[in-house]
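J.: Dumping the structure here so I can ask a few things about it.
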Amino acid sequence: MVGHTETILSVKVVSAGGELEFSSSTVIDKDSMHYHRTVAANEADNMAYNRKVKPEDWKNLVDKIDLKMFGAAKEGHSVQPVDGIDTKIIVTTGAGDISKMNAHDDPEWKKILDDVEQYGAQYK
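Numbered by the working numbering, the letters in the sequence shown go through residues 634 to 757 in order.
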């Protein structure tokens, strides 16, 4: 594990905002993935599912997370006031949560987001 001092219990990505009042939540833990999407402007676009996660996928996800680097990521400003979508990543450990919002310029934050999105597409 890269830079781990605590056991990672879950990784969550939450996004909200935009003209269509979009929100989504993806939570991955050692056993499963939970996804929920709401689009207030078009209920037909709403979606939710739960999937079992392969142990090797969970191990691969958490082994690549550097908690120290993620914790040091500089958060960006909210973009909701201009109809943008804010994205927050929350890594839950045995010691509590580490969360960072809109740190798009940070490589560790971006890597976690990309990995969660990849697994989201894989398990859809």
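Think of the CB as a built atom: it goes at the ideal place given N, C-alpha and C, for glycine as much as any other residue.
Have a look at the DSSP bridge pairing and note the partners of K645.
T.: Looking at the DSSP output, K645 shares a beta bridge with V660 and I723.
J.: Nearest CA to the CA of S711: which residue from G651, L642, I641 and Y756?
T.: Closest option to S711, Cα to Cα, is G651.
J.: Quick one: is N735 buried, meaning 16 or more other Cβ sit within 10 Å of its Cβ, or exposed?
T.: Residue burial is scored here from C-beta neighbours: N735 has at least 16 other C-beta atoms within 10 angstroms and is therefore classed as buried.
J.: Q755: which of N679, D716 and K687 sits nearest, CA to CA?
T.: K687
J.: Roughly how many angstroms separate the alpha carbons of I745 and I723, rounded to a whole number?
T.: 10 Å
J.: Per DSSP, what kind of secondary structure is G709 in: helix, strand or coil?
T.: coil
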